[in-house]
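Numbered continuously in our numbering, the sequence shown closes out at residue 144. Encoded as structure tokens, the structure appears first; notes follow it.
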Amino acid sequence: MAMNNPYQSYQQNAVNTASPGELTLMLYNGCLKFITLAKKAIGDGNVEAKNTNLIKAQNIIHELMVTLNMDVNVSKQLMVMYDYLHRQLVEANIKSDLAILEEVEGFVTEFRDTWKEAIQLNRQSQFTTSGQA
């Protein structure tokens, strides 16, 4: 029996025990990681690594799109933004365009930071509410 990599086990456990909000945060962080790796690959002239990482970033944006609840008004606005980001990632991959990646990275960072703040505010309100019972 092969021994599992402890880091992979930790990552799998983190995903399995995460709340939906934490999973979304992980998706944003993963997208940023793959954009960073793609930017480095462009700088290094490594077309294969650029392509691989940008496809991973595109897949994450696609996952964010398909998990939206379209009955909620804000989801319709997010869908437009996610669609734009997805198309920009495709364009950046075709053209190896760092400027496009910088733009996408800025938007994803903003989404991630806002989402992180929302999770923290939710936890604070749950703690305050449960503390009053």
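Glycine residues also receive a C-beta, built at the ideal position from the N, C-alpha and C atoms. Just so we're clear, the structure is a prediction, and the values are computed from it rather than from any experiment.
Point to revise | Length of the line joining the Cα atoms of residue 105 and residue 124 | key: If I take the Cα positions, the gap works out to 28 Å.
**Study point:** residue 103 beta carbon less than 8 Å from that of residue 65
**Key:** Yes. Within cutoff.
Practice item. Determine the direct distance from the alpha carbon of residue 32 to that of residue 70, and round the result to whole angstroms. Key: For the pair residue 70 and residue 32, the Cα-to-Cα distance works out to about 18 Å.
**Study point:** Same chain, Cβ closer than 8 Å to residue 38, neighbours up to 5 away in sequence not counted
**Key:** Around residue 38: 71, 74, 75.
Check your understanding: Is it buried or exposed for residue 34, if we count other Cβ within 10 angstroms and need 16 for buried?
Key -> Exposed, because fewer than 16 other Cβ atoms sit within 10 Å of the Cβ of residue 34.
Review point. Between the beta-carbon of residue 115 and the beta-carbon of residue 46, is there less than 8 Å?
Key: For residue 115 and residue 46, yes; Cβs fall inside 8 Å.
Exercise for review: Answer with buried or exposed for residue 85, where buried requires no fewer than 16 other C-beta atoms within 10 angstroms of its C-beta.
Suggested key: Classification of residue 85: exposed, given that the 10 Å Cβ count is below 16.
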